[in-house]
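Residue numbers (this note's numbering): 308 to 842.
Ideal Cβ placement from N, Cα and C applies to all residues, glycine included.
Report on the structure given below.
Now the structure itself:
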């Protein structure tokens, strides 16, 4: 007997009701967690031994499920957009949703009144594009270390010790350095630094990978062979060098400008048959990669650099470089050498590169020299997030990872005043632009966008003011804040004061704002176009 897979069809008369109910439930939860005074939400997950605390919008929506299948379908639609924003900018998911909720709920009203049309959609799109253009012109770049520290204070969880650890980490590795986070329950939060050299070329073939799940190569205490010459099997120099390494059962990484097919096949067969843990990285001598990459790597790993056939003849195992560990991905390779290994030579090399920068007029050459110098002194940071309980440390780690994404998003496109003030500052300009450039129902679309942009700061104010005088206080505060047009000023909702954006650290990344606004309007169009739901 065939299984009955019948579906229920929800007609257009009820679709709007279900969508509105789903959005209002999410809105209720997110308003509780919004802003600096926002509270946590605890989820009792049946498949986990411990309940989990969440304040992040993406985490809340991805875990939120009700007894209604239709509402859960709405949550899944929202979840996809929340995760997209969260993974790219690490911030702005709740702001995005407040704008989305206003657009959708009021868009439904327009549909009911038969005032929503293609012109309305055009008005929304044009107003959004103009708003993003104005915001882009007003954004401030992260130009000083003090400003960057304020950005970290804004995004990293409000734990003074943890914020200081992040500041120290970036001071050591630079704004774009590699930083990892892990939990250490029962301990204090701590910073671990590892020195390593990185090149922008990865393993030559996936056959060399040791971690099939993450598709990467990881070796501990490998030998390093660095050659400016093409790797071949001529005269058996390579085979003779491999034999003692196989006997010692140590791994080997070969880095060269080229390799012939026969030699590559030999290396792959040795790897596949378990004879030798080996990997090959090709660094061709091109415009982007010259021989200095291999020269620097040889110096860093204490390897003899092979530049001629004479070097091959005299090459012995003792001439190979050594490092503590190696990580190779498809696009990059990182080498961690022993501390103190050729330290004096490396310091001298860094000093020479600095001198060359001082006496050179070529910006391009100086940029390459500075990259080389930083690569020699490059450091990777690991932040161990501590906590008394697993619940505390996992919550702190989750918020730290999201905060790190948000802080780095500020580097790409700059920052704007926080607390939704940058949106409020836009309203008058958007209204004037709308009156001059839009007509008919497209003006209604523009009004939807303008009013939605006020929702984030309005929600923050409503969370702070006395409930008995909510409406008059909220309107009065919005009117006074709307008059502020200085892009260097932000609104401190806790202290009810206007402060300098750099001193206060109350800011938002333009990247997060842009992605949030674009996603909100895109999802609005999709939701308003739904005629039926089939479950």
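Excluding the five sequence neighbours on either side, which residues of its own chain have a C-beta within less than 6 Å of the C-beta of residue i, listed in chain order?
i	result
residue 575	514
residue 349	358 and 360
residue 827	403, 406 and 407
residue 794	445
residue 534	563 and 613
residue 325	377
residue 393	365 and 400
residue 745	430 and 753
Is the beta carbon of residue j closer than 8 Å to that of residue i?
i	j	result
residue 806	residue 796	yes
residue 712	residue 396	yes
residue 638	residue 509	yes
residue 538	residue 708	no
residue 536	residue 458	no
residue 426	residue 749	yes
residue 476	residue 690	yes
residue 342	residue 362	no
residue 848	residue 718	Any question about residue 848 goes unanswered here, given that the chain covers just 308 to 842.
residue 798	residue 728	yes
residue 329	residue 492	no
residue 585	residue 559	yes
residue 322	residue 368	no
residue 544	residue 611	no
residue 800	residue 767	yes
residue 618	residue 591	no
Please report the distance separating the alpha-carbon of residue i from that of residue j.
i	j	result
residue 373	residue 331	13 Å
residue 653	residue 662	14 Å
residue 755	residue 588	55 Å
residue 498	residue 327	46 Å
residue 339	residue 530	56 Å
residue 517	residue 525	6 Å
residue 730	residue 674	38 Å
residue 640	residue 506	5 Å
residue 551	residue 680	34 Å
residue 364	residue 400	6 Å
residue 398	residue 625	51 Å
residue 601	residue 447	39 Å
residue 522	residue 572	20 Å
residue 821	residue 371	26 Å
residue 582	residue 532	18 Å
residue 496	residue 715	21 Å
residue 254	residue 710	The structure shown has nothing for residue 254, since the chain only spans 308 to 842.
residue 823	residue 629	47 Å
residue 808	residue 788	15 Å
residue 456	residue 725	16 Å
residue 490	residue 468	15 Å
residue 604	residue 548	20 Å
residue 594	residue 622	A caution first: residue 594 carries a pLDDT of 48, below 50, which makes its placement in the model unreliable, though a value can still be read off. Cα to Cα, residue 594 sits roughly 29 Å from residue 622.
residue 751	residue 733	17 Å
residue 836	residue 747	21 Å
Return the Cβ separation of residue i and residue j in integer angstroms, given the expectation that the two are a contact with Cβ distance under 8 Å.
i	j	result
residue 840	residue 380	7 Å
residue 660	residue 676	5 Å
The alpha helix (DSSP H) that contains residue i, what's its start and end?
i	result
residue 320	319–340
residue 635	Note, residue 635: premise wrong, no alpha helix (DSSP H); beta strand (DSSP E) at 632–635.
residue 406	400–419
residue 392	376–396
residue 746	Residue 746 -> no alpha helix (DSSP H), and no H or E assigned at all.
residue 569	568–579
residue 714	697–720
residue 449	Unbroken run through residue 449: none, as it is neither H nor E.
Beta-carbon within less than 8 Å of residue i's beta-carbon, same chain only, minus the 5 sequence neighbours each way: which residues are those?
i	result
residue 631	527, 528, 643, 644 and 645
The beta strand (DSSP E) with residue i in it runs from where to where?
i	result
residue 806	804–807
residue 799	796–799
residue 487	486–492
residue 532	530–534
residue 518	Per DSSP, residue 518 belongs to no beta strand (DSSP E) and is neither H nor E.
residue 816	814–816
residue 563	559–563
residue 838	Note, residue 838: premise wrong, no beta strand (DSSP E); not H, not E.
residue 640	640–643
Looking only at its own chain, which residues have a Cβ that is under 7 Å from the Cβ of residue i, when we skip the five neighbours before and after it?
i	result
residue 831	407, 410, 411 and 414
residue 777	Low per-residue confidence applies at residue 777: pLDDT is 49, beneath 50, and the placement is therefore not dependable, though the value from the model is reported in the following sentence. Contacts found: 769.
residue 775	Note that residue 775 has pLDDT 47, beneath the 50 cutoff, so the model's placement of it is unreliable and no number is given.
residue 314	841 and 842
residue 762	405, 406 and 409
residue 482	455 and 718
residue 540	546, 569, 570 and 573
residue 316	839 and 841
residue 309	Bear in mind that a pLDDT of 49 at residue 309, under 50, signals an unreliable position, so the number given afterwards is only what the model happens to contain. So no residue of the chain qualifies.
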